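Structure first, then comments.
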Amino acid sequence: MRNTRGALQASVAALLIGGLLTGCGSVAETASTEGETQSQVVGGQAATEDATTEAAEPTETEETEAVAELEVAEYGFTQLDGGEFDTPGVTYGVVIANNGTGIASDAQAQISFEDADGVVVDTREEYLNAVLPGSSVALGDFVYDATGVETMTVQILPGTTEELESEPANFTVSDVTTREQEFGGYKTTATVASPFTRDLEDLQAVAIYRDDAGDIVGGAYTFLNFVPAGGEAAVSIDDTASGLSTPASTDVYIAITSLTLLADM
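Letter by letter, the sequence shown follows residues 16 to 280 of my numbering.
Okay, here's the thing in structure tokens:
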């Protein structure tokens, strides 16, 4: 995310140990403006016991090492000419999923924009401070003074894996609404609910814009001051990219940042 990494490295697992509210079940991580959940559901699966085990031979429980598996799930962009008074540029969005069983910590994302000849027009580098297992995070922004962009490339550099010592869960996002602003761009509002027993501060919220076909056409981000333990908070994401066609739908993703971890130390 856009927070720079501090010298102190906080443990995501320590932040979330025992972090689920009692009785909390599986939760979905994003919602769309159409009112339907579009993300996968995050939930655990109970282990089963072998009833045929002989009493004379004690068994040893085999523990599978937690592994984080990050992948670029989808991405897209729109080249905007800026119109008569606005700066030309590119609005983009990326969704990154953790398909593993462990927390992906300290990973990096490199995004580049190329022209028709493959020449790099501009780049973005982001840190993925913590991606919970079975969940996704997003990156979205506007790149100023970028013209002639024809392709977009996204690469992920894996970081470390931390074991999650509680049931997997994530924030729930609802009531997503995107509307055009008077002087250009869009405003996305949503409600964020937390299943955790700790207040979490300095989270990042990313709006991912989609067209009628469901393809990503842009994105924007902001920081969410805090979400209370087991409670809700409202978030508003302003997009300054003028000239983008009205999105058919919008997804909102919430991510833990380095500031979130440092605030808990």
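Note that beta-carbon positions come from the ideal geometry of N, C-alpha and C, so glycine has one too.
None of the values given here were measured: they were computed from a predicted structure.
Run through the DSSP bridge pairs and tell me what F241 is partnered with.
The residue you call residue 241 lines up with position 226 of the sequence shown. According to DSSP, which records beta bridges pairwise, F241 is partnered with E216.
Could you spell out where the beta strand (DSSP E) holding S251 opens and where it closes?
What you label residue 251 is simply residue 236 of the sequence shown in a count that begins at 1. Unbroken beta strand (DSSP E) run through S251: E247 to D254.
Just the Cα atoms here: how many angstroms apart are L215 and V242?
In the sequence shown, residue 215 corresponds to position 200, counting from 1. In the sequence shown, residue 242 corresponds to position 227, counting from 1. Those two C-alpha atoms are separated by around 6 Å.
Looking at T203: is its Cβ nearer than 7 Å to the Cβ of T265?
As a first step, residue 203 must be located in the sequence shown, where it is residue number 188. As a first step, residue 265 must be located in the sequence shown, where it is residue number 250. Cβ atoms of T203 and T265: closer than 7 Å.
What is the C-beta distance between L95 and L259, in whole angstroms, given that I count them as a contact (C-beta under 8 Å)?
Position 80 of the sequence shown, counted from the start, is the residue given in the question as residue 95. Position 244 of the sequence shown, counted from the start, is the residue given in the question as residue 259. Between L259 and L95 the Cβ distance is about 6 Å, and since that is below 8 Å, they are a contact.
Contacts around V169, its chain only, beta-carbon distance under 6 Å, and the 5 residues preceding and following it disregarded
Taking the sequence shown and counting its residues from 1, the one referred to as residue 169 is at position 154. V87, Y90, V109 and I126, listed in sequence order.
DSSP three-state assignment for A228, whether helix, strand or coil
Numbered from 1 along the sequence shown, position 213 holds the residue referred to as residue 228. Of the three classes helix, strand and coil, the one that applies to A228 here is coil, per DSSP.
Rounded distance between the beta-carbons of P173 and Y224, thought under 8 Å
Against the sequence shown, residue 224 aligns to sequence position 209. Against the sequence shown, residue 173 aligns to sequence position 158. Going by Cβ atoms, the distance from Y224 to P173 rounds to 28 Å, so no, they are not a contact pair.
Give me whichever residues DSSP pairs with E129 in a beta bridge.
As a working mapping, residue 129 is identified with position 114 in the sequence shown. DSSP, once it has assigned bridges, lists V135 and T166 as partnering E129.
With 16 other Cβ atoms within 10 Å as the buried cut-off, status of V191:
Taking the first residue of the sequence shown as 1, we reach residue 191 at position 176. Buried, since its Cβ has 16 or more Cβ neighbours within 10 Å.
Is T206 a contact residue of the ligand MN, with contact defined as CB to any heavy atom under 6 Å?
This structure simply doesn't include the ligand MN, nor any ligand for that matter.
So, with DSSP's three-state summary, where would you put T275?
Your numbering for residue 275 matches position 260 in the sequence shown. Residue state, collapsed to three classes: helix.
State buried or exposed for S251, treating a residue as buried only when at least 16 other CB atoms are found within 10 Å of its CB.
Working through the sequence shown from its first residue, we reach residue 251 at position 236. Its Cβ having fewer than 16 others within 10 Å, S251 is exposed.
Under three-state DSSP, which class holds S151?
Here residue 151 refers to the residue found at position 136 when the sequence shown is read from its first residue. DSSP places S151 in strand when its eight states are reduced to three.
To which residues does DSSP link S264 through a beta bridge?
Taking the sequence shown and counting its residues from 1, one reaches residue 264 at position 249. S264 pairs with R225.
By the 10 Å Cβ neighbour count, where 16 or more other Cβ atoms means buried, how is G233 classified, buried or exposed?
By one-based count along the sequence shown, residue 233 stands at place 218. Its Cβ being crowded by 16 or more others within 10 Å, G233 is buried.
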